[in-house]
Amino acid sequence: MKEIMQKLRDASLRAISESQDSENLESLRVRYLGKKGELTQILRQMGKLSPEERPKMGQMANQLREEIEKAVEQRRAELMDAMMDLKLQQETVDVTLPGKPAVAGHKHPMYNVLDQIKEIFVGMGFEIVDGPEVELADYNFTKLNIDEGHPSREWTDTFYFTEDSSILLRTQTSPMQIHAMETRPLPIRMIAPGRVYRKDEVDATHSPMFHQIEGMVIDKGVTMSDLKATLNLVVEKIYGKGTVTRFRPHHFPFTEPSCEMDIQCHKCGGKGCPTCKGEGWIEVLGAGMVHPKVLAGCGIDPDVYSGWAFGMGLERLAMGEYKITDLRLIFENDIRFLEQF
Ligand code: DAH
């Protein structure tokens, strides 16, 4: 029995000292010291020994148990240390490496154009006003003299929130004319830039969300020549002195008379080129004299006061200024695109 224990001692201590990971070490511990372990098996046979030998063997067995336990503990500590060293080595941080620079962004090119326009109008004494994008049909249409049956009210064109078509995402910034007239003292000189929404499929020139800038002046004795002079001045500031404009008759329900303003193509000087699609002119905005019915609806006496208004698309303006050919680039926010401005 003594020899068996000796053999067990040699084998177990070697196996433990050679163990390479804690799982293997644990299985060795079970193998030697567990309930069905090798040492226990030996102890079971103690009954066969003579009464004199029994205590000696018992003592030896206990010593061996202690020895194996100690060896397991020691090996466990060694393995833990080795693991920690390895981890430290793998996770070393080189504090002398240069850091990553923090990149500061900049204003979106379209908002640069908007800032430029705001500055021009503020310089002329205009106020910048803001209003709701979720709007009542009353403000988006009815108070702007747009009848019930008007095609722009169609469900196919407009995002409505209610079955009765009373609440919607504004399709134009023109309702800001009504808000201004209802809440502000006269005279009014304001611009109202903001997002508008229409059910358009996305392509190179359309997006279901885009930006408009509304402008309006209400005062005594305001005429169409004030409108033309103001807009010509704005165009010269944006496109340079001598930029030629033309005002074409048009129809909008909320202005009378109404017009559209074109600028002569700055690329070809009016000869016709890809930028102006061969037309020589580029359409910039819709405008007109605020309809007497609209004034009266807002409690302003059209016999005393008159006014003009305009609405223009901001994306189109930015695209012209920066020679951007696809509207989607403005909204995709691809850093490779934005960094060019
Ligand atoms: N709201 C019009 C549109 O979205 C543009 C417009 C035309 C605005 C004439 C005006 C205006 O203020 O007088 O097409």
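Quick note on numbering: this note's numbering labels position 108 of the sequence shown as 108, and the sequence is numbered without any gaps.
Ideal Cβ positions, reconstructed from N, Cα and C, are used throughout, including at glycine.
Contacting residues, own chain, Cβ-Cβ under 7 Å from residue 322 (five flanking each side not counted): 109 and 341
Drop a sphere of 10 angstroms on the beta-carbon of residue 175, count the other beta-carbons inside from all chains shown, and report buried for 16 or more, exposed for fewer. Classification of residue 175: buried, given that the 10 Å Cβ count is 16 or more.
Are the region 158-166 and the region 195-204 in contact at 8 Å, needing three or more beta carbon pairs? Yes: the two stretches touch, three or more of their Cβ pairs being nearer than 8 Å.
Helix, strand or coil at residue 255 according to DSSP, with G and I counted as helix: strand
Are residue 192 and residue 173 close, meaning C-beta to C-beta below 7 Å? yes
Tell me whether residue 141, by its Cβ, gets closer than 6 Å to a heavy atom of the ligand DAH. no
Roughly how many whole angstroms lie between the Cα atoms of residue 51 and residue 45? 13 Å
Three or more C-beta pairs under 8 Å: does that hold for the region 273-287 against the region 135-150? Cβ pair count under 8 Å is below three, so no.
Where does residue 72 fall in DSSP's three states? Secondary structure at residue 72: helix, using DSSP grouped into helix, strand and coil.
Assign residue 109 to one of three DSSP states: helix, strand, or coil. helix
Find out if the Cβ-Cβ distance for the pair residue 178, residue 143 is shorter than 7 Å. yes
Applying the criterion that 16 or more other CB atoms from any shown protein chain within 10 Å of the CB defines a buried residue, is residue 140 buried or exposed? buried
I'd like to know whether the C-beta atoms of residue 371 and residue 126 end up nearer to each other than 7 Å. The first residue shown for the chain is 1 and the last is 341, placing residue 371 beyond what the model contains.
Compute the Euclidean distance between the alpha carbons of residue 65 and residue 97, then round it to the nearest angstrom. 53 Å
Is it true that the region 251-271 meets the region 286-306, where meeting means three or more beta-carbon pairs spaced less than 8 Å apart? yes
Do you know how far the Cα of residue 180 is from the Cα of residue 219? 13 Å
Can you give me the start and stop residues for the beta strand (DSSP E) that residue 197 sits inside? 188-197
Mind listing, in chain order, the continuous beta strand (DSSP E) runs of no fewer than 3 residues lying wholly within the region 174-249? 188-197 and 209-219
Is the beta carbon of residue 16 closer than 7 Å to that of residue 33? no
Chain-order list of residues whose beta-carbon lies under 8 Å from that of residue 342 (same chain, five-residue window excluded): Any property of residue 342 remains undetermined from this structure, which presents the chain solely from 1 to 341.
For the ligand DAH, is there a heavy atom less than 6 Å away from the beta-carbon of residue 306? Residue 306 Cβ: outside cutoff for every heavy atom of the ligand DAH.
Just to confirm, does residue 255 get its C-beta within under 6 Å of one of the non-hydrogen atoms of the ligand DAH? yes
Cβ of residue 269 less than 7 Å from any chain C Cβ? Among the chains of the structure shown, chain C does not appear; only one protein chain is present.
Report buried or exposed for residue 89, applying the criterion of at least 16 other Cβ atoms within 10 angstroms of its Cβ. An exposed status is given to residue 89, since fewer than 16 other beta-carbon atoms sit within 10 Å of its beta-carbon.
Cβ separation of residue 113 and residue 314, assumed to be a contact under 8 Å, to the nearest whole Å: 7 Å
Any heavy atom of the ligand DAH closer than 6 Å to the beta-carbon of residue 180? no
On the DSSP letters alone, give me the boundaries of the alpha helix (DSSP H) that residue 3 sits inside. 2-18
Bridge partners for residue 306 per DSSP, in chain order? 219
Reduced DSSP secondary structure (H/G/I, E/B, other) of residue 315: helix
Quick one: is the Cβ of residue 288 within less than 6 Å of any heavy atom of the ligand DAH? yes
Run of the alpha helix (DSSP H) containing residue 288, from where it starts to where it stops: Element bounds for residue 288: not the alpha helix (DSSP H) but the beta strand (DSSP E), 281-290.
Taking all protein chains shown into account, do 16 or more other C-beta atoms lie within 10 angstroms of the C-beta of residue 300, making it buried, or fewer, making it exposed? buried
Counting only the same chain and skipping the five closest in sequence on each side, list residues whose C-beta sits under 6 Å from that of residue 330. 110 and 315
Alpha-carbon to alpha-carbon, residue 132 and residue 261: 27 Å
Pull up the DSSP beta-bridge partners for residue 262, would you. 246 and 283
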